[in-house]
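Enquirer:
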Amino acid sequence: MEWVVVVSVLVMSVLSLSRVNVIVAILIAAIIAGIMAGLPIVDTVDLLVNGMGGQANTALSYILLGAFAVAISYTGITTILVNFLIRKLTGKKTMLVLVIAGVASLSQNVVPVHIAFIPILIPPLLKLFDQMRLDRRAVATALTFGLKAPYIMIPAGFGLIFHRTIVDAMIDNGVNLTMKQATLAMILPGLAMVIGLFIAVFITYRKDRIVSLDEDKGMEFVQKEEPVTFNRKHAFTIVAIIAALAVQLITKSLVLGALAGLIIMFIFIVVPFKAGDEIVAKGVGMMGTIAFVMLIASGFGNVLRETGAVEALVQASSSFIGSSKIGVSFVLLLVGLIITMGIGTSFGTIPIVASLFVPICVAAGFSPLATAALIGTAGALGDAGSPASDSTLGPTSGLNADGKHNHIWDTCVPTFIHFNIPLFIFGWVASLVL
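Quick note on my numbering: the sequence shown kicks off at 1 and runs consecutively.
#1: In or out: residue 272 buried (at least 16 other Cβ within 10 Å) or exposed?
#2: Applying the 10 Å Cβ sphere with the 16-neighbour rule, what's the burial state of residue 136?
#3: Could you give the residue range of the alpha helix (DSSP H) that holds residue 117?
#4: Given that a residue counts as buried once 16 or more other Cβ atoms are within 10 Å of its Cβ, and exposed if not, what is residue 225?
#5: Along the alpha helix (DSSP H) that carries residue 167, what are the first and last residues, could you check?
#6: Taking the straight line between their C-alpha atoms, what separation do you get for residue 185 and residue 154?
#7: Do you know offhand how far residue 65's Cα is from residue 327's?
#8: What does a CB cutoff of less than 6 angstroms around residue 70 pick up in its chain, not counting 5 residues either side in sequence?
#9: Classify residue 189 as buried or exposed, calling it buried when 16 or more other Cβ atoms lie within 10 Å of its own Cβ.
#10: Fully enclosed by the stretch 17-93, which alpha helix (DSSP H) runs are 4 residues long or longer?
#11: Rank 248, 150, 289, 97 by C-alpha distance to the C-alpha of residue 132 and give the top, closest one.
#12: Starting from residue 249, trace the alpha helix (DSSP H) in both directions and tell me its first and last residue.
#13: Taking Cβ positions, are residue 52 and residue 253 nearer each other than 7 angstroms?
#14: Taking the alpha helix (DSSP H) that residue 392 falls in, what are its first and last residues?
#15: Considering only residues of the same chain and omitting the five flanking positions on each side of residue 216, which have a CB-CB separation below 6 angstroms?
#16: Please return the same chain residues whose Cβ sits closer than 8 angstroms to the Cβ of residue 436, not counting the five positions on each side in sequence.
#17: Rounded to whole angstroms, what's the CA-CA distance from residue 209 to residue 134? Just pull it up for me.
#18: Sort 49, 255, 180, 160 by Cα distance to residue 57 and report the nearest one.
#19: With DSSP as the reference, label residue 271 as helix, strand or coil.
#20: My understanding is that residue 340 touches residue 390, with C-beta atoms under 8 angstroms, so please give their C-beta distance in whole angstroms.
#21: Comparing C-alpha positions only, which one of 200, 106, 125, 418 sits nearest to residue 158?
#22: Quick one: what does DSSP say residue 440 is sitting in, helix, strand or coil?
#23: Would residue 418 and residue 104 qualify as a contact pair, given that the criterion is a beta-carbon distance under 7 angstroms?
#24: Would you give the residue range spanned by the alpha helix (DSSP H) that residue 149 belongs to?
#25: Nearest to residue 230 by CA position, among 75, 426, 413, 21, is which residue?
#26: Helix, strand or coil for residue 207? Go by DSSP, reduced to three states.
#27: Report the three-state DSSP secondary structure of residue 229 (helix, strand or coil).
#28: Is there a Cβ of chain B sitting closer than 7 angstroms to that of residue 147, yes or no?
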């Protein structure tokens, strides 16, 4: 039973690397997991479908955030930002990538649209990337950094949810932890993300990438540098963004936050009522595939949980690691990497691994801070690089708008290498020194 998770995740990874559609790869992996656990295929599919509801809130959030992002774009305020970037950063590849990483970081804590900004901001810049011979893998790494590092390190926005999830999961399993301690525990893993970004930008993808410029292909995605002046609609758009952030922080609900932003934009006629259907339809088109992948990944996670495969993997691992903290932390992080790669969500992994990790960590003598570092890092590991993760699906949705970017080889593999390796090392160190 302990091999179910390993084999199914490997199957999903190999199929994805072989350019099989991500949804199909996850479905096949889930069916294999069920068969290995002794379940009939029909029962496995039922478990998968029943488990899809676990990410229903997230999927609805992405759809509404997609509509919110389209509404923001409708006002033309993003044109101001894109034209500014084109004027100021043309020929400055490294600076452009770092600015994109900064903008992406704001999407987690300040303007809580998560990945919904990517299909709005990135496609207009694709031709510029090609003209500058900018390696799009560097941009993918920068975007994934912005989607992950802020919530790992900063307890605001999505980070507030992530840190609260760690605290609640540990308290539920008998270990007291404060939000301040959770933040302290995640500092070193967060620094690992910064190091990974710098390696990607300044070393791995610094050289020019030779691309074939196709003047016809993807021209509809090229932003025309038209003069746009700041006006009343843009001011109300900023008000809507602030309101969305405030509602999200108060209610801890992305759905309510995005809905509040949309309502304000309609009330102040920033977006005309008659454009409502078009905006929602475009939002669904933009984020629908990602939302559905998240639903399927949630179902896959349910199959692994209900069959007892995850618990069996942890128990099998703990049976031979002994009481050495070095060995215990190494194996637990490895298990977390495998689980998160399959499920594709840091937030969804935390409650799963906490119930299994806490008793082992207590027995091995880890402090609450060290235990939190292990749980948080185990959840974050695999999010970058997972074919089913929004941290990789989001960047691909923008970078592949002209069909020149591969999800697995140009997003998943680069982000896996540059973030999971340093995360593993720094999380390991944090668990030993805290």
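C-beta atoms are modelled at their ideal positions from N, C-alpha and C, and glycine is treated no differently.
Note that this is a predicted model, so its numbers are computed, not measured.
Expert: Considering the structure as presented:
#1: In the sequence shown, the residue the question calls residue 272 occupies position 272. Counting Cβ neighbours within 10 Å, residue 272 comes out exposed, since fewer than 16 surround it.
#2: Taking the sequence shown and counting its residues from 1, the one referred to as residue 136 is at position 136. Classification for residue 136: buried.
#3: What you label residue 117 is simply residue 117 of the sequence shown in a count that begins at 1. Where residue 117 is concerned, there is no enclosing alpha helix (DSSP H), given that its DSSP letter is neither H nor E.
#4: Here residue 225 refers to the residue found at position 225 of the sequence shown. Only weak support exists for where residue 225 lies, its pLDDT of 48 falling under 50; the value from the coordinates is given anyway. Answer is exposed; the Cβ neighbour count stays below 16.
#5: Taking the first residue of the sequence shown as position 1, residue 167 is located at position 167. First-last of the alpha helix (DSSP H) with residue 167: 158-172.
#6: For the purposes of this step, residue 185 is taken as the residue at position 185 of the sequence shown. For the purposes of this step, residue 154 is taken as the residue at position 154 of the sequence shown. Those two C-alpha atoms are separated by around 11 angstroms.
#7: By 1-based counting over the sequence shown, the position of residue 65 is 65. By 1-based counting over the sequence shown, the position of residue 327 is 327. C-alpha separation (whole angstroms): 42 angstroms.
#8: Here residue 70 is taken as the residue at index 70 of the sequence shown, counted from 1. These residues qualify, in order along the chain: 279, 282, 283.
#9: Counted from its first residue, the sequence shown places residue 189 at position 189. Classification of residue 189: buried, given that the 10 Å Cβ count is 16 or more.
#10: 22-36, 41-51, 56-74, 77-89
#11: Here residue 132 refers to the residue found at position 132 of the sequence shown. For residue 132, the nearest C-alpha among the options comes from 97.
#12: The count along the sequence shown starts at 1 and reaches residue 249 at position 249. Segment 232-251, the alpha helix (DSSP H) holding residue 249.
#13: Here residue 52 refers to the residue found at position 52 when the sequence shown is read from its first residue. Here residue 253 refers to the residue found at position 253 when the sequence shown is read from its first residue. It is not a contact, given that the beta carbons lie outside the stated cut-off.
#14: Along the sequence shown, read from residue 1 onward, the residue named residue 392 stands at position 392. Looking at the DSSP string, the run of the alpha helix (DSSP H) that includes residue 392 is 390-399.
#15: As a working note, residue 216 is residue 216 in the sequence shown. Low confidence applies here, because residue 216 scores a pLDDT of 43, under 50, leaving its location unreliable; read the following figure in that light. Excluding sequence neighbours, residue 216 sits near nothing in its chain.
#16: A query on residue 436 cannot be resolved here, the shown segment of the chain reaching from 1 to 434 and no further.
#17: In the sequence shown, the residue the question calls residue 209 occupies position 209. In the sequence shown, the residue the question calls residue 134 occupies position 134. About 6 angstroms.
#18: Numbered from 1 along the sequence shown, position 57 holds the residue referred to as residue 57. Nearest C-alpha to residue 57: 255.
#19: Here residue 271 is taken as the residue at index 271 of the sequence shown, counted from 1. Three-state result, residue 271: coil.
#20: The residue given as residue 340 occupies position 340 in the sequence shown. The residue given as residue 390 occupies position 390 in the sequence shown. Going by Cβ atoms, the distance from residue 340 to residue 390 rounds to 12 angstroms, so no, they are not a contact pair.
#21: The residue given as residue 158 occupies position 158 in the sequence shown. That would be 106, whose Cα lies nearest to the Cα of residue 158.
#22: Residue numbering for the chain in the displayed model covers 1 to 434; residue 440 lies beyond these limits and cannot be assessed.
#23: For the purposes of this step, residue 418 is taken as residue 418 along the sequence shown, with counting starting at 1. For the purposes of this step, residue 104 is taken as residue 104 along the sequence shown, with counting starting at 1. No, these two residues do not count as a Cβ contact at 7 angstroms.
#24: Your numbering for residue 149 matches position 149 in the sequence shown. Start and end: 136-153.
#25: For the purposes of this step, residue 230 is taken as residue 230 along the sequence shown, with counting starting at 1. Taking only the C-alpha atoms, the option nearest residue 230 is 75.
#26: Here the question's residue 207 lines up with position 207 in the sequence shown. Three-state DSSP puts residue 207 in coil, outside helix and strand.
#27: The count along the sequence shown starts at 1 and reaches residue 229 at position 229. In the structure shown, residue 229 sits in coil (DSSP, three-state: anything other than H, G, I, E or B).
#28: Among the protein chains of the structure shown there is no chain B, as only one such chain exists.
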